[in-house]
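One structure is given here, and the rest of the page talks about it.
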Amino acid sequence: MRAAIEKRYFSHWFHLNILFLGLLMACHPDPDDFGETEILPWYDGKKLAISITYDDGTVNQFQKALPIMNELGMPGTFYINTGEIPGSQYQAKFIGRELKEIVEESASVATDRENLFERASAIRMIDMSGAVEMHNQAGALFEQGKEEEAIAVVEKALVQARGLNQVRERAPRVLEGPRTDWDAIREFASQGHEFGVHTISHPRLAVMDEDNLLYELLNCREDILNQLGPEHTFSAECPFGTEDERVMEYALAHFEGLRNIMPMDSLHEVNRWGHYDPDYELTPYVQWQRGPLGDTTLLQKKAWVDRALDAKHHPWLVLVYHGIDGIGWEPQSSDSVRAYFEYIHGKGDQIWVGTFKEVTQYLKQRMAASVDIQPEKDQITIYLTHNLGERFDHPMTLRTQVPGNWDEFRVLQGGKEISYNMAESGATGQWVHYNVLPNSEEIVLEQVR
Ligand SMILES: [Zn+2]
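Numbering (the working numbering) for the sequence shown: 724 to 1172.
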């Protein structure tokens, strides 16, 4: 009780002093007090970041939703399954022993924890009815911690396989609707959209053995790299929104951004299934994932944006789309897509719509960057650096206090003039914000005489 009173007293005293100090500073701005620089939470000084993401690469995402995004100048992120794209080098296949050998062995060796992953990978590739469904079911059960039930499903599939005249391999067909080819995808990429890994053929990675899991993840990445270049191998989404620990370990080792999870001290994540608000005060950033499902109303979707704009910290709203206009899982109508995107666009002065990669870059860069400031009378020199490597090259937004007596000034990076915005101007001097590249040439703010 005593401690609580003291704490309250201290806090009261502390606030009074801060208030007094603030008043003092407001009345008498120190003319020598300038150069202070901070990296703004989101690019261009926006209050909220939104990433619009699509899974599976079904045709209407490109034919219906993408043109709306182009019209409004919003880039999207498309997590694609590459196996069925015409021209891909890698198709779904089983990596390991002969399927026939695995099936025959199952007659005398029961499925257990040791052989579950090999067998769950194998059953999916056997040419028989229900193969993919049984694999998916085993994966879902395993991820719910129901290992015995998962084993029973695999056993059932193997009994069925032992009854076949011949055990043949067949790549599952998972993509709904007409195919979109690489030429078209390259064109979309050139318009500013991001493409990312969603595996070759959409398996349940949590029940796959290492060889098959890595084949699905890394050979999808390889086709994207060869077709679109290294800028599109930054982020990934492992199918079915898995958060399986073993799968995440592999994926996090190969991708800088992962929509499934992104463990960072500075980021609190709320997944698509989480019933939580974007308000969370223990981390600087909150990633709030919301998946518009078939029955999500426009009103609900608009409320996500409003709620995120109201959040105290720095929310990142990540929207997860699947089907559009009848093709793909839980489809949304393109009319509702348009109405929603126009709503977001209408709040463009407060919202930064960036690809999943761009927002990941900005967030990680801001947490890692250091700002070295050298203020002089007529010139402020700033060095902005981080140690994340050259794949983190997103421009960052700085806010700098310039002396109140600078009537005219300019901002340069590497000697080239760049534009700036007056953030505010008043008793505490004038503040500007501007976009610059990290790990690049020196930044100079100088008075123009
Ligand atoms: Zn998917």
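Built from N, CA and C at the ideal position, the CB exists for glycine as well.
query: For ligand 1, enumerate in chain order all residues having a CB closer than 5 Å to any of its heavy atoms.; result: D778, D779, P962
query: If you follow the alpha helix (DSSP H) that D934 is part of, which residue opens it and which one closes it?; result: 933 to 951
query: Where does K1087 land, buried or exposed, given buried means 16+ other C-beta within 10 angstroms?; result: buried
query: Distance, Cα to Cα, S774 vs N793?; result: 14 Å
query: What are the complete alpha helix (DSSP H) segments, minimum 4 residues, inside the segment 841 to 904?; result: 854 to 866, 870 to 885
query: Can you tell me whether G997 is buried or exposed, with buried defined as 16 or more other CB within 10 angstroms of its CB?; result: exposed
query: What did DSSP end up calling E1147 once you bin it into helix, strand or coil?; result: strand
query: Rounded to the nearest angstrom, what separates M971 and D1002 at their Cα positions?; result: 26 Å
query: Unbroken alpha helix (DSSP H) runs of length 4 or more, entirely within the segment 1003 to 1050: which are they?; result: 1021 to 1033
query: Helix, strand or coil: how does DSSP classify A1092 here?; result: coil
query: What do you get for E1081, buried or exposed, if any count of 16 or more other CB atoms within 10 angstroms of its CB means buried?; result: buried
query: Just to confirm, is the Cβ distance from V1155 to Y1143 under 7 Å?; result: yes
query: Using a Cβ distance threshold of 8 Å, determine whether the segment 824 to 831 contacts the segment 800 to 807, with at least three qualifying pairs required.; result: no
query: Rounded to the nearest angstrom, what separates L1107 and R1061 at their Cα positions?; result: 39 Å
query: Hey, how far is the Cα of M797 from the Cα of G1077?; result: 7 Å
query: Between E871, F1079, I818, which has its C-alpha nearest E837's C-alpha?; result: E871
query: Based on Cα-Cα distance, which residue from Q1084, M848, R1013, D1018 lies nearest to P1054?; result: D1018
query: Among H1037, A788, H955, which has the Cα closest to the Cα of V1009?; result: H1037
query: Taking just the CA atoms, how far does S1059 sit from V882?; result: 46 Å
query: Grouping DSSP H, G and I as helix and E and B as strand, with all else coil, what is V1171?; result: coil
query: L1086 by DSSP, collapsed to three states: which one?; result: helix
query: Can you find the residues in the same chain that come closer than 6 Å, C-beta to C-beta, to P764, ignoring five residues on each side of it along the sequence?; result: H1037
query: When the Cα atoms are used, what is the spatial distance from E899 to L937?; result: 24 Å
query: Quick one: any contact between the segment 860 to 867 and the segment 903 to 916, if contact means 3 or more CB pairs under 8 Å?; result: no
query: Quick check on this structure: which residue in R896, A974, R902, R927 has the alpha carbon closest to the alpha carbon of G919?; result: A974
query: Whole angstroms are fine: how far does the CA of T1104 sit from the CA of E807?; result: 52 Å
query: What do you get for A976, buried or exposed, if any count of 16 or more other CB atoms within 10 angstroms of its CB means buried?; result: exposed
query: Could you compute how far the alpha carbon of P926 sits from the alpha carbon of E759?; result: 51 Å
query: Using the Cβ count rule (16 or more neighbours within 10 Å means buried), how would you classify K1100?; result: exposed
query: When the distance is taken between beta carbons, is T903 closer than 7 Å to I874?; result: no
query: Taking only three categories from DSSP, how would you classify A929?; result: helix
query: Grouping DSSP H, G and I as helix and E and B as strand, with all else coil, what is H1156?; result: strand
query: Helix, strand or coil: how does DSSP classify Y802 here?; result: strand
query: May I ask you to list the residues that DSSP assigns as paired with F1079?; result: Bridge partners of F1079: none, in fact.
query: Within a Cβ cutoff of 6 Å, which residues of the same chain sit near P1118, ignoring the five residues on either side of it in sequence?; result: N1158, L1160
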